[in-house]
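Asker: Top line first, the protein sequences correspond to chains A and B.
Numbers 4 to 120, taken from this note's numbering, label the letters of the first sequence in order.
Numbers 2 to 114, taken from this note's numbering, label the letters of the second sequence in order.
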Amino acid sequence: AQSVTQPDIHITVSEGASLELRCNYSYGATPYLFWYVQSPGQGLQLLLKYFSGDTLVQGIKGFEAEFKRSQSSFNLRKPSVHWSDAAEYFCAVGAFRVTGGGNKLTFGTGTQLKVEL
Amino acid sequence: DGGITQSPKYLFRKEGQNVTLSCEQNLNHDAMYWYRQDPGQGLRLIYYSQIVNDFQKGDIAEGYSVSREKKESFPLTVTSAQKNPTAFYLCASSTEGHSYEQYFGPGTRLTVT
Numbered sequence: 004a005q006s007v008t009q010p011d012i013h014i015t016v017s018e019g020a021s022l023e024l025r026c027n028y029s030y031g032a033t034p035y036l037f038w039y040v041q042s043p044g045q046g047l048q049l050l051l052k053y054f055s056g057d058t059l060v061q062g063i064k065g066f067e068a069e070f071k072r073s074q075s076s077f078n079l080r081k082p083s084v085h086w087s088d089a090a091e092y093f094c095a096v097g098a099f100r101v102t103g104g105g106n107k108l109t110f111g112t113g114t115q116l117k118v119e120l
Numbered sequence: 002d003g004g005i006t007q008s009p010k011y012l013f014r015k016e017g018q019n020v021t022l023s024c025e026q027n028l029n030h031d032a033m034y035w036y037r038q039d040p041g042q043g044l045r046l047i048y049y050s051q052i053v054n055d056f057q058k059g060d061i062a063e064g065y066s067v068s069r070e071k072k073e074s075f076p077l078t079v080t081s082a083q084k085n086p087t088a089f090y091l092c093a094s095s096t097e098g099h100s101y102e103q104y105f106g107p108g109t110r111l112t113v114t
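#1: Roughly how many angstroms lie between the CA atoms of B/Ala82 and B/Ala32, to the nearest whole one?
#2: Would you list the residues sitting across from A/Cys26 in a DSSP beta bridge?
#3: So, at 8 Å on beta carbons, what are the nonlocal neighbours of A/Ser21 in its own chain, with the 5 sequence-adjacent residues on each side left out?
#4: Mapping DSSP to helix, strand and coil, what is A/Ser75?
#5: In chain order, which continuous runs of the beta strand (DSSP E) of length 3 or greater are located wholly inside the stretch 18-67 of chain A?
#6: Secondary structure at A/Ser83, three-state DSSP: helix, strand or coil?
#7: How should B/Thr21 be labelled, buried or exposed, when 16 other C-beta atoms within 10 angstroms of its C-beta is the threshold for buried?
#8: Which value, in whole angstroms, describes the spacing of the CA atoms of A/Ile14 and A/Cys94?
#9: How about B/Gly53 and B/Glu70: are their beta carbons less than 8 Å apart?
#10: Measuring CA to CA, which of B/Leu12, B/Pro86, B/Gly4, B/Gly17 is closest to B/Arg110?
#11: Select from B/His30, B/Asp39, B/Leu28, B/Gln18 the residue whose C-alpha is nearest the C-alpha of B/Leu91.
#12: Could you work out which residues of chain A lie near B/Glu102, taking near to mean beta carbons separated by less than 7 Å?
#13: Residues of the stretch 7-29 of chain B in Cβ contact with chain A at a cutoff of 9 Å, in chain order, please.
#14: With DSSP as the reference, please indicate the residues paired to B/Glu25 in a beta bridge.
#15: How far does the beta strand (DSSP E) with B/Phe56 in it extend, from its first residue to its last?
#16: Check whether the Cβ atoms of B/Tyr101 and A/Gly111 lie closer than 8 Å to each other.
#17: What are the start and end residues of the beta strand (DSSP E) that includes A/Leu116?
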């Protein structure tokens, strides 16, 4: 079964500083990987996704993530954080065509980002 | 605008009552999902449906039921058998094909006392 680990529950950065959120996954085949962001009391918004090809993927709001197969990681980065980036971030791994169908996602427990002005 | 709607935003019920959460999408997506979110636990899959009139249990289906009579709608009933129903519930949908990303609704916060 697949699993996702986000080792940092909370991270605090200063506005303008760089950011890296860690994500490690466990999956038996080539994973499909996602990063989502959630503002308080809201749904999740997709930041970026990786399926195949270039291991560095660009997303919305200036975010990028790098897939490293050897480390089973898919860390999210941003060169300069803005106060509006304060939110909770979730990494997810996708499994396809499991028994019974469906494209199930397994989510990590999330990382809460606080931005200091 | 296309999207997913969930209603109501906040829902309050007394213990022992069944309650149904609404989820509607106009994205023409085939697959729909229900997740439960608790602080510090991420999202956990309750049920999912790939096509109309078919659905599968997720990881925490006990105490919940769903139906999928229309492509656009996937209501979730939280029954009195669910031991700890207070949570934030998120509905999502996705297309078939290579993208597989899921689009989420705004969520319903259910409080049972």
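Where is the CB? At the ideal position from N, CA and C, for every residue including glycine.
Answerer: According to the structure shown:
#1: When rounded, the distance between both Cα atoms is 26 Å.
#2: Note: A/Cys26 sits in no beta bridge, so no partner.
#3: For A/Ser21, the CB contacts under 8 Å within the same chain, skipping 5 residues up- and downstream, are Arg80, Lys81, Pro82, Ser83, Val84 in chain order.
#4: Reduced to three states, the DSSP call for A/Ser75 is coil.
#5: Correct list: 22-24, 27-29, 35-41, 47-53, 59-61.
#6: The answer is coil: DSSP assigns A/Ser83 none of H, G, I, E or B.
#7: Exposed.
#8: If you draw a straight line from the Cα of A/Ile14 to the Cα of A/Cys94, it comes to about 15 Å.
#9: The sequence given here places Val at residue 53 of chain B; Gly does not occur at that position. In this structure, the beta-carbon distance from B/Val53 to B/Glu70 falls below 8 Å.
#10: Cα-wise, what sits closest to B/Arg110 is B/Leu12.
#11: Out of B/His30, B/Asp39, B/Leu28, B/Gln18, B/Asp39 has the C-alpha closest to the C-alpha of B/Leu91.
#12: The contact set of B/Glu102 on chain A, defined by CB atoms closer than 7 Å, consists of Phe37, Leu49, Lys52 in chain order.
#13: Those residues of the stretch 7-29 of chain B that come within reach of chain A (Cβ to Cβ, closer than 9 Å) are Gln7, Lys10.
#14: Paired residues: B/Thr6, B/Ser74.
#15: Per DSSP, B/Phe56 belongs to no beta strand (DSSP E) and is neither H nor E.
#16: Result no, Cβ atoms of B/Tyr101 and A/Gly111 do not sit closer than 8 Å.
#17: Bounds of the beta strand (DSSP E) holding A/Leu116 are 114-119.
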